[in-house]
Structures are given as structure tokens and as C-alpha cells.
Amino acid sequence: MLDYLYPVGSLDVKLEVVFLVPPSSEEILRKSVFQSSVDGGDWFSSPHPLMCRNTSMTTTLLYNRFSEDFSLVECSVRVVDGNARYFKALLKSDASVAWTISEIWLRELS
Numbered sequence: 147m148l149d150y151l152y153p154v155g156s157l158d159v160k161l162e163v164v165f166l167v168p169p170s171s172e173e174i175l176r177k178s179v180f181q182s183s184v185d186g187g188d189w190f191s192s193p194h195p196l197m198c199r200n201t202s203m204t205t206t207l208l209y210n211r212f213s214e215d216f217s218l219v220e221c222s223v224r225v226v227d228g229n230a231r232y233f234k235a236l237l238k239s240d241a242s243v244a245w246t247i248s249e250i251w252l253r254e255l256s
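If you use our numbering, the sequence shown corresponds to residues 147 to 256, in order.
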């Protein structure tokens, strides 16, 4: 869960939460529900679909004592309320695979 401590926008501002992940983690994000909250008590699920696109960035991950380079995918989902302070992704089912999120940030949409 991300807590930005103060509102990052207003009702008329359109925000999205952005995740930078290796391709294997994209599938896990696609199985998640994304929620935001103004107060951390009442949560609202985003009705918007997760959008993913390839990037030119790479990362090195360690699996079973071997390192591999992976291209990173940028996945984003629109936030319901531009006044939200809290953000979370809830996995809808168990995942028994390792997964990584390299970065998370908020982006204002124009």
C-alpha cells in the first residue's frame, strides 16, 4: 500500500498508478484489483483496465543463484478519485511464483 500523506490532486485531476515490472509480474498484476482511498478506511476499486506496454528499460533479477536480464513493462491503472491518498493492489488469488515490482509512481493524465 502506498500512503502519500496528503492529497495529490483533486476530483477533477485524473491520476494513474504506474508499476514498472518484469514481464512475468505483468500476469500477476492482471490478476489484481486496484483500489484507492482518501482516508485509508473506505476503499474504491478502479473500474478501469490495467494497461501495459513494453519499455526500453531492463533489470537484472536473481533466480536460483543465476542472474538474468529482463526487459521491463510499464503497467498503469487509472485511480477513481484524484484526491486519493492511499493506493493498493490486491491479488485476487494465490500466486506461488516469485514476482517483482521495480518501481511504483503516480502520474497525472492530461
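We put the beta carbon where it would ideally sit given N, CA and C, even for glycine.
Are the CB atoms of residue j and residue i within a distance shorter than 8 Å?
| i | j | result |
| --- | --- | --- |
| Asn200 | Ser182 | no |
| Val96 | Asp227 | The structure shown does not extend to residue 96, since the chain is modelled only from 147 through 256, so no value can be given for it. |
| Pro168 | Thr206 | no |
Is residue i a contact residue of the ligand NAP, with contact defined as CB to any heavy atom under 7 Å?
| i | result |
| --- | --- |
| Glu249 | Ligands displayed in this structure: none; no statement on the ligand NAP is therefore possible. |
Suppose you measure from the CA of residue i to the CA of residue j; what does that come to, to the nearest Å?
| i | j | result |
| --- | --- | --- |
| Leu255 | Met203 | 22 Å |
| Ala235 | Glu214 | 26 Å |
| His194 | Leu175 | 13 Å |
| Val225 | Glu162 | 5 Å |
| Asp158 | Arg253 | 14 Å |
| Glu172 | Val219 | 7 Å |
| Ser170 | Ala241 | 12 Å |
Select from the options the residue whose C-alpha is nearest the C-alpha of residue i.
| i | options | result |
| --- | --- | --- |
| Glu223 | Lys238, Cys198, Val243 | Per the sequence shown, residue 223 should be read as Val rather than Glu. Measuring from the Cα of Val223, the nearest candidate turns out to be Cys198. |
| Tyr232 | Ser170, Phe180, Lys160, Leu166 | Phe180 |
| Ser178 | Trp251, Lys238, Asn229 | Lys238 |
Complete runs of the beta strand (DSSP E) confined to the stretch 178–239 [at least 3 residues]: 178–183, 197–209, 212–224, 232–237
contact_flag[the stretch 185–198, the stretch 241–256] where n(CB pairs < 8 Å) is 3 or more: no
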